[in-house]
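K.L.:
If you're matching positions, the sequence shown starts at 1 in UniProt numbering and goes up one per residue.
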Amino acid sequence: MELENREKPDFSVKIEALVTEQISGSDLPPSNLKAEIVQKYLEGFQLADSCSKGKVAVLVGADYYHNIVLGGIRRLKGQLVATETIFGWCLIGRDSDVRDVSVSLNIIIEEDLISGLIKKFWELESLGIAENEFSDPSNDSVLQRFESEIEYQNSRYRVRLPWKSDKKYILSDNKKVAERRFERLRRRFFRNPELYKSYQAVLHDYLQQKIIELVPNTCDAERITFYLPHREVVRNDRSSSKLRVVFDASSHDVGEVSLNDCLHIGPNLYPDIFDLLLRFRLYPIAFTADIKQAFLQIEVDEKDRDVSRFLFTDDPTDGSKSPQIYRFTRVLFGVNSSPFMLTATIKHHLRKYQGIYPETSEFLNNCIYVDDIIGGHQNTEDAYRTSTECMHIFREAGMTLHKWQTNSEELRRIWIKGDMVSGDSSQVVEPSGLPFKVLGVSWNKREDSLYFDVQNLVKFLSSRVNSKRCLLQAIGRIFNPVGFLGPFVLRVKLLMQEI
1 MELENREKPD
11 FSVKIEALVT
21 EQISGSDLPP
31 SNLKAEIVQK
41 YLEGFQLADS
51 CSKGKVAVLV
61 GADYYHNIVL
71 GGIRRLKGQL
81 VATETIFGWC
91 LIGRDSDVRD
101 VSVSLNIIIE
111 EDLISGLIKK
121 FWELESLGIA
131 ENEFSDPSND
141 SVLQRFESEI
151 EYQNSRYRVR
161 LPWKSDKKYI
171 LSDNKKVAER
181 RFERLRRRFF
191 RNPELYKSYQ
201 AVLHDYLQQK
211 IIELVPNTCD
221 AERITFYLPH
231 REVVRNDRSS
241 SKLRVVFDAS
251 SHDVGEVSLN
261 DCLHIGPNLY
271 PDIFDLLLRF
281 RLYPIAFTAD
291 IKQAFLQIEV
301 DEKDRDVSRF
311 LFTDDPTDGS
321 KSPQIYRFTR
331 VLFGVNSSPF
341 MLTATIKHHL
351 RKYQGIYPET
361 SEFLNNCIYV
371 DDIIGGHQNT
381 EDAYRTSTEC
391 MHIFREAGMT
401 LHKWQTNSEE
411 LRRIWIKGDM
421 VSGDSSQVVE
431 PSGLPFKVLG
441 VSWNKREDSL
451 YFDVQNLVKF
461 LSSRVNSKRC
471 LLQAIGRIFN
481 PVGFLGPFVL
491 RVKLLMQEI
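1) In this structure, does DSSP put residue 128 in helix, strand or coil?
2) Is the distance from the Cβ of residue 291 to the Cβ of residue 205 below 9 Å?
3) What do you reckon, are the CB atoms on residue 398 and residue 155 nearer than 9 Å?
4) On a Cα-Cα basis, can you pick out the residue from 472, 350 and 477 that is closest to residue 497?
5) Check for me: the beta strand (DSSP E) holding residue 153 runs from which residue to which?
6) Within 10 angstroms of its Cβ, does residue 174 collect 16 or more other Cβ (buried), or is it exposed?
7) Label residue 441 either buried or exposed according to how many other C-beta atoms from any shown protein chain fall within 10 Å of its C-beta, with 16 as the threshold for buried.
8) So the candidates are 459, 305, 345 and 363; which of them puts its Cα closest to the Cα of residue 259?
9) Taking only the alpha-carbon atoms, compute the straight-line gap between residue 69 and residue 141 and give it to the nearest angstrom.
10) Taking the alpha-carbon positions, what's the residue 178 to residue 230 distance?
11) Could you tell me the alpha carbon to alpha carbon distance between residue 149 and residue 345, rounded to whole angstroms?
12) In chain order, which continuous runs of the alpha helix (DSSP H) of length 4 or greater are located wholly inside the segment 378 to 409?
13) Between which two residues does the beta strand (DSSP E) harbouring residue 3 extend?
14) Let me confirm a value: residue 357 is counted as buried when at least 16 other C-beta atoms fall within 10 Å, else exposed. Which label applies?
15) Can you tell me the Cα-Cα spacing of residue 373 and residue 363, whole angstroms?
16) With residue 367 as the anchor, note down where its alpha helix (DSSP H) starts and where it stops.
17) When you compare the segment 151 to 166 with the segment 294 to 301, are there three or more beta-carbon pairs, one atom per stretch, that lie closer than 8 Å?
18) Is it buried or exposed, residue 350, if we count other Cβ atoms within 10 angstroms and call 16 or more buried?
19) Could you give the distance in angstroms between the alpha-carbon of residue 225 and the alpha-carbon of residue 169?
20) Under three-state DSSP, which class holds residue 249?
21) Rounded to the nearest angstrom, what separates residue 400 and residue 275 at their Cα positions?
22) Mind reading off the beta-carbon distance from residue 176 to residue 262? Whole number of angstroms is fine, and I expect it under 8 Å.
23) In terms of residues, what are the limits of the alpha helix (DSSP H) holding residue 264?
24) Using the C-alpha atoms, what's the distance from residue 378 back to residue 283?
25) Quick check: the Cα distance between residue 303 and residue 223, rounded to an integer number of angstroms?
26) Going along the chain, which residues of its own chain have a beta-carbon closer than 7 Å to the beta-carbon of residue 46, five neighbours each way excluded?
27) Give the range of the alpha helix (DSSP H) segment to which residue 81 is assigned.
28) Can at least three beta-carbon pairs, one atom from the segment 310 to 318 and one from the segment 183 to 199, be found at a separation below 8 Å?
29) Going by beta-carbon coordinates alone, are residue 308 and residue 342 separated by less than 9 Å?
30) With DSSP run on the structure shown, which of helix, strand or coil describes residue 7?
31) Is residue 416 buried or exposed, if buried means 16 or more other CB atoms sit within 10 Å of its CB?
32) Spatial neighbours of residue 270 within its chain, please: CB distance less than 6 Å, with the 5 preceding and 5 following residues excluded, ordered by chain position.
33) Could you please give the first and the last residue of the uninterrupted beta strand (DSSP E) stretch that includes residue 501?
34) Quick one, are the C-beta atoms of residue 273 and residue 380 less than 9 Å apart?
35) In the DSSP assignment, find the unbroken beta strand (DSSP E) run with residue 296 in it and report its ends.
36) With distances taken between CB atoms, is the gap from residue 411 to residue 287 smaller than 9 Å?
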């Protein structure tokens with residue numbers, strides 16, 4: 001079958017079609033788009049269709065998308081976007097003047113939560129033996145596009161966001177949602193000045209490091225924007241950074257898409273946790289480190305920064321004062337594609353050092369999980385050489401390795417005496433009262449043993465009433481990736497069968 005432009009027959013596409021009696025059970029609804037909008041924004045442009053009510057005559061598959069769409073895009077009023085095709089301009093989205101009837105229904109479904117807890121439990125139990133999840137066919141193209149767009153400037157990497165081409169231009173700004181949630185946060189600041197002080201300190205530090213910036217007045221008004229709501233998370237089990245500001249990229253208004261909906265998650269480039277922990281136990285000299293603020297060390301291209309806007313105020317006591325508008329200049333943790341962008345950037349960087357530090361490059365390729373380095377060596381000399389080469393490799397990417405941990409007192413003394421603690425380049429962690437964890441498993445460095453810390457689980461159980469829900473929630477807190485707790489987990493399974 002050949003489809004062609006009604007006025008310009010030279011613009012055509014040949015497709016293979018399957019004939020069926022019915023494509024859709026309903027007619028295409030008539031457009032309620034106002035004529036003056038079309039006249040104002042698309043005067044002189046040929047529309048592909050008359051927007052009248054009618055039957056669906058031909059349904060074209062996505063495999064012909066790039067044969068039909070030419071690439072021209074015009075942002076019209078509200079969420080309305082015009083896309084240029086070989087048949088003329090197609091309108092996508094809706095006019096902001098349209099008012100949809102909104103129906104709210106509140107219901108509590110307990111079974112979904114319980115089934116989710118059980119699913120999580122069995123996923124952990126099958127770690128290392130279950131088949132890999134089906135790979136997204138778009139992952140290869142996402143990775144190829146990332147590699148073609150990544151840049152290295154001023155000792156730092158700069159990346160583009162992995163946009164879904166069919167979602168990018170329907171993203172609304174989410175500003176009203178962000179304003180409502182910030183107003184609630186501002187009132188909490190007013191009631192709790194200490195919270196505001198801690199919150200402000202985090203954002204001030206970001207501003208000093210140029211991780212965030214005030215939105216410039218010269219910003220392109222036509223650029224896609226998105227406002228991120230945010231809140232605090234306090235972790236008392238951390239030895240540092242107890243308060244963190246987290247941003248909600250899954251936020252969206254009713255009937256709209258979120259920023260996360262419009263971005264590819266990207267392929268999973270992490271090594272298997274099971275393999276990583278086994279390799280960690282293989283060597284007599286074990287050590288760990290992490291990349292300081294890893295995500296925030298990678299710049300986002302200026303074209304994509306306006307989808308990471310957020311609101312803040314320098315005076316929470318004045319509710320009438322308009323909040324300031326900031327945006328991130330770096331990769332933001334909380335965006336679904338950020339783990340992929342971090343790992344892909346690190347692997348891209350490591351390829352530069354395959355000829356200079358071949359052994360260390362291979363070590364890092366196999367021993368990095370998100371921002372953690374977990375590995376070891378047969379002797380102290382090799383462990384020190386690898387750790388210093390790791391420092392140099394990441395320093396060239398604008399990243400700092402810190403919080404070094406080891407089971408070897410000799411290696412720790414060499415670290416302290418060596419250049420690894422000069423200036424701000426590293427931090428060797430002294431023993432503390434808090435349990436240190438390797439990929440979620442507690443590690444006793446002095447004894448070089450892994451153990452399960454029951455303190456949080458006991459605290460959780462002591463504050464709950466015994467019930468099936470409580471049992472399942474407790475099970476969800478048992479992280480057993482290597483199977484060390486198998487005999488104990490078996491008893492929990494038997495108890496589940498009984499109830």
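Positions of the beta carbon are idealized from the N, C-alpha and C atoms, including for glycine.
P.N.:
For this structure:
1) Its pLDDT being 49, under 50, residue 128 is placed unreliably in this model, and the coordinates cannot settle the point.
2) no
3) yes
4) Considering only alpha carbons, the answer is 472.
5) 151 to 153
6) buried
7) buried
8) 305
9) 19 Å
10) 8 Å
11) 11 Å
12) Secondary structure in the segment 378 to 409: the alpha helix (DSSP H) runs of 4 residues or longer, each lying completely within the stretch, are 380 to 395 in chain order.
13) 2 to 4
14) buried
15) 10 Å
16) 358 to 367
17) yes
18) Classification for residue 350: buried.
19) Near 10 Å, if we compare the C-alpha coordinates of residue 169 and residue 225.
20) Three-state DSSP puts residue 249 in coil, outside helix and strand.
21) 26 Å
22) About 18 Å; that fails the 8 Å criterion.
23) It is not in any alpha helix (DSSP H) - residue 264 carries neither H nor E in the DSSP assignment.
24) If I take the Cα positions, the gap works out to 6 Å.
25) Roughly 8 Å separates the two Cα atoms.
26) Counting only Cβ-Cβ distances below 7 Å, and skipping sequence neighbours, we find 7, 88 and 89.
27) First-last for residue 81: 81 to 85, but that is the beta strand (DSSP E), not the alpha helix (DSSP H).
28) yes
29) No, these two residues do not count as a Cβ contact at 9 Å.
30) In this structure, residue 7 counts as coil in the three-state DSSP scheme.
31) exposed
32) 369
33) As displayed, the chain neither begins before 1 nor continues past 499, which places residue 501 out of reach and without an answer.
34) no
35) Residue 296 -> no beta strand (DSSP E), and no H or E assigned at all.
36) yes
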